[in-house]
Amino acid sequence: MYLPGFRVVVMAMVLLGLCTYQLAQEFDTVVTSKSRKIFRIADQIEDPQERKAFLELYRPQEARERAKLAESFVESYPQSRFLDQVYETGAKAHIDLGDYERALNYAHESLRLLPENPVLLVLLANLQVQHRLLEKAKVSARNGLAYLDRFARPQAISETEWPDIQRRLRASNYYALARATMLQALSLPNESRRRELLEECEALLGKAARLNPADPEIAYLMALSSLSLGKVSVAIQGFATAYQLGGAVTAQALEQLRKIHKDSKDKSSINFETFLEKARSGRLTLPPVEPTSRDKAPQWQLPGYAGSDSCLGCHFDKHSAWRQTGMARMLQLYRPENVIGDFKENNEFYAGDGVELRGSKIEIIPGKNRFLFAHMVVDKGRHYFEIKHSDGRWVRYPVDYTIGVKWQQAYATRLPNGQIHVFPIQYNVLHKEWVNFWKIIDHPGSERADVLQWEKLGPATSYHVNCAPCHTSQLRNTKGGGFEPDHLEFNEPGINCEMCHGPSQKHVSAMMVGKPYPKQPLEPPVEFDKISSQTYIGICAQCHMQSALREPGQAGELNYSREDEVFFQRSKSRPFAEFSRKAFYKDGRFRETTFIVESLLRSACWKKGQVSCGHCHDPHGDDFSSNPTSLKFLGQPDQMCLQCHSEYNAGIEVHTGHSRESEGSRCLSCHMPRIMHSVLFKARTHRIDDIPNLEMTRRFGQEESPNACLICHSDKDTQWLSASFSKRDDVWGEHDGLEFEVFTKRALRKQLRLRANKEKLSRNW
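Going by the numbering used here, the sequence shown opens with residue 63, and the numbers climb by one from there.
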């Protein structure tokens, strides 16, 4: 099988394969192009033999040997954290060997664990076309294009190489889309629909040709499409271009040109050599490209910032409710009443101790070389940290800021030079303990997790470098630089109105003089009920997307934008393979709640239903004290799902297999289980279509592939779960390998039909 740009795809896979064991990034930190940390992911493999077997996969060798090594690794280490790379290597090896069916299986297994792999998706899309899995091929190609747009350059590929590789990968995705579309078109009896698909195919190939004009396969397929549409002259130019470019389709292109010449009316007046020469002198005409929204000129100029207090006069209720939320209080100037940590009784912290979360409780494990590192004290009504320096001195620092008000509270002090530094010890509200939170979540060797680094007052403890983008509003470097500790300022502490609604000085001025003006929904102040879900999530992703690769604007803007018609930064994401594996379960799901947007973007609710954060959350709710997650339907959580999936309301027991009022019949219990690590408690995953996967739990165990059923039935195991599913099959009959969700939908419809028939009979009586 030939793939357009295949050599470049192979080169990208080799480079990315190396990347997966050379680089990794901690999470819950600001990621910039300059702060992308480097260390060997393979060092996270504790078993020396597994590490050796993994690294062996990337040694230069023949395809057959690589295929054997991949198969051997899977058999020997079926619970490895690195199976996505191993399966990817196996897929590539089997493509080289021409074993496309096995390559398809390996690619599928890799993408189950790490779906956001645009390089592998290119290969998968073409494999799926080869096996006539046309709709799946189109999904793979579209996902590949989306991920190429969404993710930044992998660090293993140089800045000079990446633009060309990315361009040709995009061309390959468009080519796969076009191939699938053409095959669908040619199988249709309906002439109108066939023509519509062929025109779509032609447009896709036009995009591919612009990206990779030197690829003969693209030109050849475009010529076939044009010929099917009756555009003979365009087809001639396409076949001639493919013939001139050479490669795998030279003979086919020449044969097509001979056939066109043979069927032409003037074949007697012009021989084939002259016909060919004339065709080769022509130029392939590409279909026009519709401009994207980013290509269009801005519809408005961004106004200045007015500040949150300017909203109070007209939006008193909303402003008052927002003021009580966690967003507004992400960072607060010190006031004694804001402090929620215990500075009087449980007010000591010993360095060297460990912390483990056991169920819903934490256990402090005394270390062998523990020593008293910090006292948290109140003196004359003022809160202080007293910290032991390496020379034995105890140094007192005032608390000048509080950070957070919900699950955990951190504290910061302001130095005479204006820098703000965060104390390495935080107070966990749920467990009422002082903890070194970075040590709990970071990879061994983390600088910020080492409390002895505090006295250096460097970047590892800097508030502006580590926290400010998501805890303050309109952060900027006044000297036009990046996230250096000096010269950083912000408009307001916490997340203000204009971080979400945009700079609103024009709106405020107009309202003050009573002169409203027409505006677009995205023109500040943003009207969230009128914008797309993609834009909605993009605004929330400013703070809730861990992988965002933040880059400063031309004037030093660090968490907002003045360079486009939109006020928020549309940051690329760092490839997930470059993050510490502590961020993921072995089954590929996100473990850490900082990846909340990334988790949502994996769900069908987003991909197919275009759900947005606002479907479930209200950031202006007036019940923050009892509803800290700002849920719209706190007392009726099923309504979050039933607003789209109303068909389940009548027969929920059939769908869940549990009584209507039980926890097992709550949508969230199965589809948003509490499996994500937050600040020492379990939060709900936002991969909303999460479905209990028995196969993954069998393979990796409940700890590394938490199954929602076994969260409630914690005294049971996968054998019991398998038997329970079998009983459902006995009740409803065999479902012939249908996906569990499809099966239960059919069962639900059957129950509803039976119920409707009974009600009809009852009315007739």
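Note that the Cβ used here is the ideal one computed from N, Cα and C, for glycine as well.
Nothing here was measured: the structure is a model prediction, and the numbers come from that model.
Going by the beta-carbon positions, is the gap between residue i and residue j smaller than 9 Å?
i	j	result
T387	P681	yes
T402	Y459	According to the sequence as given, residue 402 is Ile; it is not Thr. Result no, Cβ atoms of I402 and Y459 do not sit closer than 9 Å.
S370	E585	no
S287	V294	no
H323	L346	no
G650	L176	yes
S633	M607	yes
H533	L395	no
A436	E407	no
I599	V659	yes
G414	F433	yes
H720	M702	no
A472	F447	no
A153	L185	yes
A187	A208	no
L693	P565	no
F144	R636	no
Q299	A341	yes
L611	V201	no
V673	S594	no
H707	T691	no
K581	H569	yes
With distances taken from CA atoms, which of the options is nearest residue i?
i	options	result
T303	E709, I280, Y463, V294	I280
Q111	S134, V93, P122, S97	S134
D548	C532, D105, H156, S524	S524
A828	P587, P216, A390	Residue 828 is absent from the model: the chain starts at 63 and stops at 827.
L173	K789, K648, C774	K648
G466	D404, G556, W384, K442	G556
R241	P225, K114, I227, L266	L266
T656	E221, E335, I503	I503
R761	A115, K581, P140, H483	P140
V136	F116, K577, R121, D779	F116
W362	S788, E627, H679, A530	E627
L316	A368, Y282, G344, C602	Y282
Y305	S343, K114, A270, V461	S343
K669	I750, G480, A165, A572	I750
D109	K644, R121, S138	S138
Look up residue i in the DSSP assignment and say whether it is helix, strand or coil.
i	result
V659	helix
H437	strand
W496	strand
S524	strand
H381	helix
V570	helix
S708	helix
P555	strand
Q471	strand
I427	strand
F485	coil
A214	coil
A187	helix
H505	coil
W362	coil
A603	helix
S731	helix
T347	coil
P460	strand
A447	Here residue 447 is Phe; the residue named in the question, Ala, does not match the sequence. F447 falls in the strand class under three-state DSSP.
I714	helix
Within 9 Å (strictly less), CB to CB, does residue i reach chain D?
i	result
V497	Note that chain D does not occur in the displayed structure, where there is just one protein chain.
message = Taking contact to mean 3 or more Cβ pairs, one atom from each stretch, closer than 8 Å, check whether the region 609 to 619 and the region 528 to 546 are in contact.
response = yes
At least three beta-carbon pairs within less than 8 Å, the region 415 to 435 to the region 493 to 504 = yes
request  = Tell me the start and end of each unbroken alpha helix (DSSP H) in the region 119 to 175 that is at least 4 residues and wholly inside, in chain order.
outcome  = 125 to 138, 145 to 159, 162 to 175
query = Which runs of the alpha helix (DSSP H) fall wholly inside the region 625 to 694 and span at least 4 residues, in chain order?
reply = 658 to 663, 666 to 669
query = Would you say the region 236 to 250 touches the region 189 to 203, given that touching needs at least three Cβ pairs under 8 Å?
reply = yes
inquiry  = Tell me whether the region 736 to 755 and the region 713 to 728 touch, counting them as touching only if at least three CB pairs, one residue from each stretch, are closer than 8 Å.
reply    = no
Contact between the region 116 to 134 and the region 142 to 158 (3+ Cβ pairs under 8 Å) = yes
The region 267 to 278 / the region 229 to 239 touching (three or more Cβ pairs under 8 Å) = yes
ask   = If you pair each beta-carbon of the region 746 to 759 with each one of the region 768 to 779, do three or more pairs fall below 8 Å?
value = yes
key: Ranges of the alpha helix (DSSP H) found wholly within the region 748 to 777, counting only runs of at least 4   = 756 to 762, 770 to 774
task = Report the residue ranges of all alpha helix (DSSP H) runs contained in full by the region 226 to 301; include only those spanning at least 4 residues, in chain order.
result = 253 to 273, 278 to 290
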